[in-house]
Each structure stands twice: as structure tokens, then as C-alpha cells.
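Residue numbers for the sequence shown follow the UniProt record's numbering, so the first one is 1 and each next one is one higher. Below: the structure, in C-alpha cells.
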Amino acid sequence: MENSFSQIPNSEMPPKSPKASEELHETSNIVEQIFLVSSKDVPCNRTSVLFSGDVITPEGYFTLDGLEYLLFERSQMKEFPPDRICPKTSPLTDPAFQLDPMVYLFESFRRSFDFTNSKCQTTVEVANYCQIQIFKQASLCLLLDTEMEMDNCALSLLNILLNCTHVHSDPDNAVAIDNFLAGILSVSDAESCTTSLRPMMKGLLAKLKELEADRSLPVVSTDPLQNLVSRLSAQNKPPGPSKGARLLFQTDRDGITNACTLLAKYPVTAKLLLEFSYPEEGPHREVGWRYEDGVLGRLLIPSPLLPLLPYQISYMESTSGGRSWVGEFFTDQSPIKASVDADKNTIWRLTTEIDSRLTVLFKNFLRSGKQDDSVKASLFEWFGACLHANRKRKQLANTIGNADPNNQEVRQLASDGFLNNLASLTVYLCGPLLSYQAASPGALNQPKSPLAMVKPEFVVSNKAHKILPELSEETRLSRQHKISKEDTGKDENFPLLTDLFFVAHTALRLAFPTLLALHMETNRQLNQWEQEAVMRSSNGDASAFLAGSFFGGTSADPEEQMIQYCLRERTSRFLEQTAVLGCPSRLHAYLAFISTTCRLLADLVTQNPQALSYLPEFLVDNIVEVVGYLRRMNDDFLESHEAADVALESLLEFSIVFMHHPFALANPHLRARLAEILEALIPFRDDEEWNSRPSGSNLFTASGLRFIRREQLMQSESAVRLKEVIASLITAFVAIELNPGSEAASVTLGSNAPAIAQQEAVQTATVSFEEKFHYRRPMYACLRFWYGKPEYDSQFRQLEDAAIAHIDDARPPLLLQFLSLLINDATFLLDEAISFLAQLKVRERARESQGGRFTNRDEESMFQHMSRLARYHISLGLDNISALRRVVSLCPRVVTHQILVDRITCMLNYFLAHLVGPKSRELIVRDKSSYGFKPELFVEEICRVYVSLGLDDSESTEGRNSTISAFLRAVVSDGRSYSPELLDQALGVLRRVSVDPELVKLFSKVAEALKAEQVSAIEDAMGFDDAPEDFCDPIMGEIMEDPVRLPTSNKILDRKTIYRHLLSDPKDPFNRQPLEMSMVIPETELKEKIQAWITAKRAERSQGGEPSTSQSK
């Protein structure tokens, strides 16, 4: 500031009044105390630097007019001559003699606080003026350094910042540096600040890179072979920051995070942080791991997760002296539960702290974005560019077991730790969407609700294309409504929560499923090594092998040393992944986020179904992955206090609605997977003790799981969608089997669905065996839970009424398709199980002859593989026959309809003959329990089906006698498996194995009824052996009751035969052309001839005459 009186001669200066002199003295005193300066004309009573000349008045006072010159001269001092030191004996280490200009200015700023808090207004004004001059001088120092291409002041400012924001620093220091930085930015223009502070950001990144010094360097060896192995291991080391930079526990990094949090508050420094977070321009921006190497990336990489290296590479590295297998946690050679739990809790605590710091940091970015839109735009562009560069991770979840570790595309992706941290961060940033209110019913219609701020049309906007380029190309939830060109590419301003919602889901999609798949692969490899240990053990017990010292302790066999190493290394990786996946704070955020997503999707179905055509289907993928993980690996979390404020009603409603309505979710695979959500929500588990635990109000099961919340959910009045849950389950069950292109009526006709459902185009799929039963197993569990509850049994009966009413429609009713598939599955599963057991019996004998284990590794591996397949088929077979038995007991009229009754009775007879007849000897294996084979359970389930369909009960409906008669006649008409001896054999077995005497009593009644029915059937069949060939069905060989002609092949079949065929295969069995029941042509004339011939035959028999063969066509 220019001194307007500086040109007036001192002799002409007017004399000062006493008051003015006093104010001047007071001002000078404040300046001296803040800046630790003094003049020669004033006695020196404190350590200070002496000044004279133009910076002081003739009276020896410092004035505000000369303060700018004083600070400039003081800041540029490189040394302190003795004549400038006061008192002369003062040490040069005193703060008054600080040579670093930024440190001096910051300390002066701290000293000014004593005066800004004064009660005297004049003192406060002087102190404030001093602060402004400090800020200007600091800014000037930074600019001068920039002009001279130096970075001393910028790095000095960085050190001050890091010292003040360190986790062990006094909180007052953080406040001081925050105000200091804000002051510097306030007195400078944005462009000059950006230029002058860029060296500081460069230094900040360098500080972060200093943290990655490898603390576990391999031992230098003189052995050339070991050095070669070390070099090979280094070549296979994952790119990006080293293990040292990824440690969870690093107080220095925590301090840097705090510093970045402060810098993110201001648009200028926020943009610089983002600038130093991007990879270099060019090809590097397409490399995923490069985003770990910037400022923000290095703050996001801390994680206990180590990469799952191929065991050969890992083992070679360990033998050369390296310790790459050793992580930050789970390092004990023999893990025990106490140490594992301690490490797990430490990981959870540190992860929660890091998530909290990062959330505050990025919220500051968003606040800066309100001041400067370019900050927000740059932040979301960084999110999008990072996710885009790692987009190929979405395929890893399906291929991780077969992925080539040397595949360059895979190696260029970011680490699991980084992406899972990024996913949790973006979810946390959606804070308002994580509240219970956001997931409450009707939230979408409430103007101030966070859910109303999520706009589906964002997906096709220009903004989405800039942030997430691939979002608009993703497969959509619904294909019911076509998106017009006018809807795409719009430049609209969307709420911040909309941007965050889609970024969070995209990040979650790339991170969570892949880590979960990696966890499953690690578990598979761990089991594989355990099997190796078992084979190495002398007594077939892995514990004997594993009891020795790890890593070559007592074993001299190199192969055994490697097995021990791999077991320990994979155990560490497995425990690390378990801890990260199970972090309670993250699981709470994920669960709350997907709960709100479920509310959004469920409400859109009824309020704005067209919006579903905008949304990508990976939203549903994320929901299923998170809930599926909870169901399989963390089932009790839904009952924990961490999840107490998360709404479960939205999960229930979403799963039921989207399973039931194909227009809402076109992908049949995803619709089928929604059963996993239902399974997670039902208060019932029976995975270990098959079908032995009671359903209903048990709050604790044998496994110790709690179901209090889920019990309340099932009884809640708000769960109105449970009234259509059975139809939803069956719709999804059927849809995964049908051939593509089926119409909605074939799936929803029997469900009493709204009219819109019958106009839906159903997307269906033919899937592999393993995939199909992976989908259906949760459905079996749900049906098992709801069976026997009146409100759910009545839903089955309503479906049965609809099926009977529409049994002759062109397209089969829903329940009819469901029952047909159940019978198909039961036939396939039990047949395969019987086949495997028969093969295992033969292999067991060969195995016993070799001492209890095949000497050939491949033969032993094949035996173990076949054992697992047998167990899998047997377990699924039990689930399937159990589901069939329950449905049969509720819907006997459909089951005993002519379309199905022959199929189910043939199946029951066939398997009963294998289980209790002479063929049962083929199933006698050495250890049934090792295969999960419980023939007594199969026999009981099959016998219960006989009882359900073969006996009348007190609650019989109209027409029950006809269903019983149809069933009994179909059983005895099975010429392949049925015999009177079969029933006696089954009854004998049932008496031995059943714990239910009532079942034995009822089955004996069925057996007597079947014997009586057989006598009647023999009498009815007499005289029909010579039926003309064109009266008989060419497939079944029986006299046709209702002949129809197939339009393309021109073949004539019985209506029930072709109906049964079309239930599972909508093609002509003779020429494989598409075929529907509506296309078949009734052969009325032939039908009349057949009926006339039968009538004539019966008349001849009733008159006692010989059967005639003269009847013609």
C-alpha cells in the first residue's frame, strides 16, 4: 500500500496529537509482537529482528502503511547479521530468526490470533490488517518462486500443511493452516494460485509415493538360480503401487488424507488435486491401474487384499527369500481363532476409519463443486474415466477361475482393494439414499424425498455419456418401451444424487461381484490343496499332514513343502477376502443402498413403467449379488444391529414384483435369481439337516441363526405383495426353462395377474443343468417354508382353479407347466443319481482293492469328482421330490389330469422299484453318508405322494373321487415298473425306516386300493389287444381317446400325448417344426370310429362272446 505522506518533509509534518501518538505506539507494539521485529530507537525487550529506515517512522514506530515493505524485506532475508539481532545473545534457533518465509509467515499468522480475539476493536482491526498482509506476502512468495522456477515456498507450505494435519497434531493447528490457506487463496486470482500451488501438489504426490518403500525386500543371494527366480517373480509382480503403499495402518497417509480433505474445500486446490489424480494424457488413461498412481488413487488403495498369484510363482518367490505372500494381517504360521478374530476386527476398524476420511474428503469436492461447476465436472469425469478404464473387470466374475494370470488386459486393471474402496466411497456419497425414509413406501412420490431426486432418463443423456460412456449401451431392464431419438442426447441438469446413484452402481458392479468370485475361487483352490494333503496323509486324514511345521519344517519332501506353503498362503488370502467382504459398516451401506434401489424399481413398475426401459439391468445384478452374499456367507447380518435401520420390505416387494412381471425385467436369468432374495428373507434354513427343522415361528434354528426381523417381515401388514408370491415364484421357475420367444400368456395365464401381464412379451431361456438348478434351489426352499400356511396354500389352489379352467387353451396354464417341469426335473435328477451310485459302487470295489485309495492320481481325482456329482444330484433330487410332493398334495386335480397323470405315476413307480425292489442292490455303496444318499428319505417322500393322490381326505373337493380313480388306474397301467410285489416291498421298507406310523398305515391302504384297481384294469383291458394300428398312438402305442393331426408332419397322435410333449418342447416331434396346441387339427371322424369300436368290444365282452377282429376302420 502506497504511503501518501511519504513525500512530505519531516519538518513540515504537522505535530501529532497525544491520542494519535498513543494509537501509533499501540499499532507498532502489535506489529512487533506479531512479526517479532523491533527498531533501534526502541529499547529491545524481546527476541526480535531490528529494522530501521523507511519501514519505520522518525519516532521509531512501525505503521500499517509500511507493513507491506517490512514483510517483503523480512521474507527475503537469507541471514541475520549480528547488528540485526536483538538481544545480541539470542540464539538463531529462535522463531524470530526463521529463514523459511512460509514458516515465518504462518507462525506470524498464528501469533496474530492473540490479537484478533481482543475485546478492543482497534486491536482487532490492526490484527486483521496484519493477516491480510501476511496472506499477500505468502502469495507473493509463491509467485516469485514460480517465476524463478523454484518450488521452495510451495514445498514449505506443503510441509506446514502436513505437520498441521497429521493425526497426532493439535486440532488447533489444522484450524490455523485452514485459515492460512483460505487467506492466501482469497487475496489471489484463481489462475495465479493454480500456477503457484502446482509444485505443492507435485510434492504431495511425491510424499504419497514415498510411502510405498517395500519393507520386505528379498534376501540377496549368491546363488544364480535363486537370483533368476527372483527376477522371474519380479516380472510377475502386479503393476502399480507396491504392497507397502497399500498397508491399512499408515499414520503418515492418514495425515496426507487430512491435508487433501482441507485442500478439497477450495475450488483452486480441489482442481489441482484432481489434475494430479489423472494418468498422463494418451494411452495411459485407458489403463486401469494407472488411476491408482495419482493422488486420489493412492488414497484409495489401502487394503489388506493381496493378489491371488499363481501358486508356482508365489512358491518360487518364497523359496528365493521373498515374502510377497505375507500380508499385513493373518501372518501366523498356524492361524487360531483368537488371532484371526483379532485381525479381522482390526481390519474392520481401520477400513471404517479410512472410509470415513475418504467420504469427508470427497464431500468437500462436492461442496467445492457448488462454488465452481468445473470442480464437480472434473470429479465425475475422474470417476467415469477410472471406471471406464476398468470396465473389463465385469467379465472377470464369470471367468476368474480360468483367467490367464499373464493376460495383459487383466494385468492392466486396477486392484480389488482399490475398486472396492472406490465402490464403498461412491455408495457413502449417496448418503441421503441410505436412509430408512428413502426406502419407505411412497418415497418416489414425495417431493423432498431423496428417491425423487434419482432420474432414470439420466442414462440416455449427454451428461451420462460424458461421465459413463457405456451406460447407455447397457442391456436395459425392460424392452417394453422403445426409447425415441428425442429422448436421447438431451442436455439437462440432473440432481447430484442422480449422478452419484449411477456412478455408485457402476463402481459396485465392477468391484463386489469380482471380489466375491475371487473369494469362491480361493476357497476352491484351498479345498484342492486340502485334498492334496489328504492324499499325502498316511491315514487319509489331512490333519496328520497339516500338523507338521509349515513351509518345509519337518518334511524333507519338496512336494510336501510346496503343499504346506500353498495351504498357508491360500488360507491367508481367503481370510483377507473374508474380512473385506464382511466389513459391517460397508455391508450396512451396501444393504441400505440396494434397499433404496429396490424401492425405486418397485415403485416405477406401478407409477412409471416406461422408465424401466431407461435403466440398466446391472442394477438388479448388484442387488442379487449383495443379498446373495449375505444369504450364503453372512446370513445373520440382516438380524444384526448394523442392519437394524435398513428397510427389508422394499427387498421383499421388489423381488416378488419383478419375478411376477416379465415386462419389468426381461432377462429370465435375473428374474430367476431374484429367488435368492426371497430365500434370504424367509425365516427358515435347512441346508444341513434336510427337511428336518420346523418352519414357522422358531426364532432360533439349530445353526444359531436369528430370524426375529424376518419373522416380523413375513407377518407384516405392509408386505401385501406376499399375496402373489407363489405365482411369482412359479412364473420365474417356468421362464428359465422355456424356449426363447414364448408369450406371456403361457406363463401368467394361471396366475390371476392383471390384464397388462397377459400382453407382456416374456423373455425366456434354455439354460444348462447346473445353472438351472442353481436358480431353482432357492425356490425349493421358499416353497418349503410357505407350505402348510393357509394363506399360501390358498394361492396354489387358486392357481389350480385357473389351470383347470384353461386346461384346453392354446397355451398351457402356468401351474401345468410348473408341474410338468417338476416331473421332468425329478426324473432327470433321480435317474442321474441312481446312475452315479451304480458307477461308484463299481469304482469303490476297485479302490478298495488298491488299499482304499487309487494309486493313480487321475483315477482318484475322477472318483472324487464323481462323488461330488452324485452328492449334488441326490441333494437336488431330494429337494425336487419334496417340492413335487407338496404341490401334489395341494393341487391333485391338475396332477391327475390325463396330461400329467401317466407321467407322474410312471416316474413314481420307476424310482420306487429302484429303491425297494431287487434293483436296490445296485445302490448299496460303502458309505452312503459321504454321498448324502438317504434312500429312506426318498422312499418316504415318494410314498407320501402315493398317499396324497391315492386316498380321500376330510377336506376333499368336488371331483376328488375322480382324481383318485385316475391316479390309481394310471399307477397299475404302468407296464414297465409296476407290480403287486412292488407295493409289498415298499411297505416293508417303510415299516423299517419311517418314524411316522400314520404314514405306514395310510400307504398300506393305498396298496390295497391299487391291488383292487389292478384287477379292474385287467378286466377293462381284455379284448382290446387287436386294435387297428391307426387307432393307436404312434408314440405311446395305446388306443387314442382324442386323436389330432399335426399340421406340418401330418401325423395323428392322441391329444394328451402331444400336449405332454409341447409342455417341454414346442416343436413337432416328427419334423421339429414349431408347433402349438392351437395348431393341431381334431380328427373327429376317427375319434367316433374309435369310440364305436370300443363300445362294440365292450358289448361283445358283456354278452360273453369272443372278441371280434372284423371291425374295420
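Note that CB positions come from ideal geometry on N, CA and C, so glycine has one too. Here the structure is a predicted model, which means the values were calculated and not measured.
Applying the criterion that 16 or more other CB atoms from any shown protein chain within 10 Å of the CB defines a buried residue, is GLN312 buried or exposed? The residue labelled residue 312 in the question sits at position 312 within the sequence shown. GLN312 comes out exposed.
Just how far apart, CA to CA, sit LYS19 and LEU99? One-based indexing of the sequence shown puts residue 19 at position 19. One-based indexing of the sequence shown puts residue 99 at position 99. Cα to Cα, the separation comes out at about 37 Å.
List the residues that DSSP assigns as beta-bridge partners of PRO1074. Looking up residue 1074 in the sequence shown gives position 1074. Residue pairing for PRO1074: DSSP places it in a beta bridge opposite LYS1067.
Can you give me the Cβ contacts of GLU642 inside the same chain, cut-off strictly under 8 Å, excluding the 5 residues immediately before and after it? Here residue 642 refers to the residue found at position 642 of the sequence shown. Excluding positions up to five away in sequence, the list reads PRO584, SER585, LEU587, HIS588.
Along the chain, where does the alpha helix (DSSP H) that runs through PRO199 open and close? For the purposes of this step, residue 199 is taken as residue 199 along the sequence shown, with counting starting at 1. Looking at the DSSP string, the run of the alpha helix (DSSP H) that includes PRO199 is 190–210.
Where ASP114 sits in the DSSP three-state scheme: Taking the sequence shown and counting its residues from 1, the one referred to as residue 114 is at position 114. Residue state for ASP114 is assigned as helix, using DSSP reduced to three classes.
Consult DSSP for SER374 and reduce its assignment to one of helix, strand or coil. For this step, residue 374 is matched to residue 374 along the sequence shown. Helix, per DSSP.
Going by beta carbon distance, what residues of the same chain come within less than 8 Å of ALA190, once the five residues before and after it are set aside? Residue 190 sits at position 190 when you count from the first residue of the sequence shown. Counting only residues of its own chain and dropping the five nearest sequence neighbours on each side, ALA190 has a CB closer than 8 Å to the CB of PRO267, VAL268.
Going along the chain, which residues of its own chain have a beta-carbon closer than 6 Å to the beta-carbon of SER751, five neighbours each way excluded? As a first step, residue 751 is located in the sequence shown; it is residue number 751 there, counting from the start. Low local confidence applies: a pLDDT of 36 at SER751 is under 50, so the model's placement there is unreliable, and no value is given.
Secondary structure of CYS566, DSSP reduced to three states: Walking along the sequence shown from the start, residue 566 turns up at place 566. Shown here, CYS566 sits in a helix according to DSSP, grouped into three states.
To the nearest angstrom, how far is it from the Cα of GLY1017 to the Cα of ASP801? Here residue 1017 corresponds to residue number 1017 of the sequence shown, with the count starting at 1. Here residue 801 corresponds to residue number 801 of the sequence shown, with the count starting at 1. At residue 1017 the sequence reads Ala, which differs from the Gly that was named. ALA1017 and ASP801: Cα-Cα distance of roughly 30 Å.
According to DSSP, which residues form a beta bridge with CYS86? By one-based count along the sequence shown, residue 86 stands at place 86. Among the bridge pairs identified by DSSP, CYS86 is matched with SER48.
Residues that DSSP places opposite PRO513 in a beta bridge: If you number the sequence shown from 1, residue 513 lands on position 513. The partner list for PRO513 (beta bridge, DSSP) is empty, contrary to what the question assumes.
State buried or exposed for ILE924, treating a residue as buried only when at least 16 other CB atoms are found within 10 Å of its CB. Within the sequence shown, the letter at position 924 stands for residue 924. Here ILE924 is exposed. Its C-beta has fewer than 16 other C-beta atoms within 10 Å.
Compute the beta-carbon to beta-carbon distance between GLN817 and LEU1063, rounded to the nearest angstrom, for a pair I have assumed lies under 8 Å. Within the sequence shown, the letter at position 817 stands for residue 817. Within the sequence shown, the letter at position 1063 stands for residue 1063. Contact annotation, GLN817 with LEU1063: C-beta distance approximately 6 Å; criterion of less than 8 Å satisfied.
Segments assigned alpha helix (DSSP H), at least 4 residues, entirely inside the region 975–1028: List check, alpha helix (DSSP H) in window: 980–993, 997–1021.
For VAL972, does the count of other Cβ atoms within 10 angstroms reach 16, so buried, or fall short, so exposed? The residue labelled residue 972 in the question sits at position 972 within the sequence shown. In summary, VAL972 is buried, with 16 or more beta-carbon neighbours lying within 10 Å of its beta-carbon over all protein chains present.
Quick one: give me the first and last residue of the alpha helix (DSSP H) that ASP858 is part of. For the purposes of this step, residue 858 is taken as the residue at position 858 of the sequence shown. From DSSP, the alpha helix (DSSP H) with ASP858 extends over 857–890.
Reduced DSSP secondary structure (H/G/I, E/B, other) of CYS583: Within the sequence shown, residue 583 is the residue found at index 583, counting from 1. DSSP places CYS583 in coil when its eight states are reduced to three.
Return helix, strand or coil for ASP616, following the three-state DSSP convention. Taking the first residue of the sequence shown as position 1, residue 616 is located at position 616. With the sequence shown as reference, residue 616 is identified as Pro, and Asp is not the correct amino acid for it. Strand.
What does ARG349 pair with, by DSSP beta-bridge criteria? For the purposes of this step, residue 349 is taken as the residue at position 349 of the sequence shown. None; ARG349 has no bridge partner.
Comparing alpha-carbon positions, which option in GLN525, LEU575, ALA579 lies nearest ILE563? One-based indexing of the sequence shown puts residue 563 at position 563. Scanning GLN525, LEU575, ALA579 for the CA closest to the CA of ILE563 turns up GLN525.
Please say whether ARG671 and ALA732 have beta carbons closer to each other than 9 Å? Here residue 732 corresponds to residue number 732 of the sequence shown, with the count starting at 1. Here residue 671 corresponds to residue number 671 of the sequence shown, with the count starting at 1. Taking 9 Å as the Cβ cut-off, ALA732 and ARG671 qualify as a contacting pair.
Report the residue ranges of all alpha helix (DSSP H) runs contained in full by the region 398–482; include only those spanning at least 4 residues, in chain order. You should have 408–411, 416–429, 462–467.
Using alpha carbons as the reference points, say which of GLY417, VAL580, SER39, TYR614 lies closest to ARG349. Your numbering for residue 349 matches position 349 in the sequence shown. For ARG349, the closest C-alpha among the options GLY417, VAL580, SER39, TYR614 is that of VAL580.
Using the DSSP secondary-structure output, state which residues sit across from VAL503 in a beta bridge. Here residue 503 corresponds to residue number 503 of the sequence shown, with the count starting at 1. Bridge partners of VAL503: none, in fact.
Determine whether the Cβ of ARG573 lies closer than 9 Å to any Cβ atom of chain E. Absent from the structure: chain E. Only one protein chain is present.
Taking the alpha carbon of SER449 as the point to measure from, which residue in ASN493, LEU600, ARG570 has its own alpha carbon closest? Here residue 449 refers to the residue found at position 449 when the sequence shown is read from its first residue. When each option's Cα is compared against that of SER449, the closest is LEU600.
Report the rounded CA-to-CA distance for PHE796 versus ARG885, giving the unit in angstroms. As a working mapping, residue 796 is identified with position 796 in the sequence shown. As a working mapping, residue 885 is identified with position 885 in the sequence shown. Straight-line Cα distance between these residues: approximately 13 Å.
Separation of LYS1011 from PRO740, as counted between CA atoms: The sequence position of residue 740 within the sequence shown is 740, counting from 1. The sequence position of residue 1011 within the sequence shown is 1011, counting from 1. Below a pLDDT of 50, predicted positions are generally treated as unreliable, and PRO740, at 42, falls in that range; no measurement from the model is reported.
Grouping DSSP H, G and I as helix and E and B as strand, with all else coil, what is ASP621? The residue you call residue 621 lines up with position 621 of the sequence shown. In the structure shown, ASP621 sits in a helix (DSSP, three-state: H, G or I).
Going by DSSP in three states, ILE336 sits in which element: helix, strand or coil? Here residue 336 refers to the residue found at position 336 when the sequence shown is read from its first residue. The three-state secondary structure of ILE336, taken from DSSP, is coil.
For GLU32, count the other beta carbons within 10 Å of its own beta carbon; 16 or more makes it buried, fewer makes it exposed. Which is it? Numbered from its first residue, the sequence shown carries residue 32 at position 32. Flag for GLU32 reads buried.
Three-state secondary structure (DSSP) of SER303: By 1-based counting over the sequence shown, the position of residue 303 is 303. Looking at SER303 - three-state DSSP - the assignment turns out to be coil, as it is neither helix nor strand.
Quick check: what's the CA-CA separation for LYS207 versus ASP355? One-based indexing of the sequence shown puts residue 207 at position 207. One-based indexing of the sequence shown puts residue 355 at position 355. Their Cα atoms are separated by approximately 21 Å.
Alpha carbon to alpha carbon, how far is THR27 from MET155? Give it in angstroms, no decimals. Indexing the sequence shown from 1 puts residue 155 at position 155. Indexing the sequence shown from 1 puts residue 27 at position 27. Sequence check: residue 155 is Leu here, not Met. THR27 has its alpha-carbon roughly 33 Å from the corresponding atom of LEU155.
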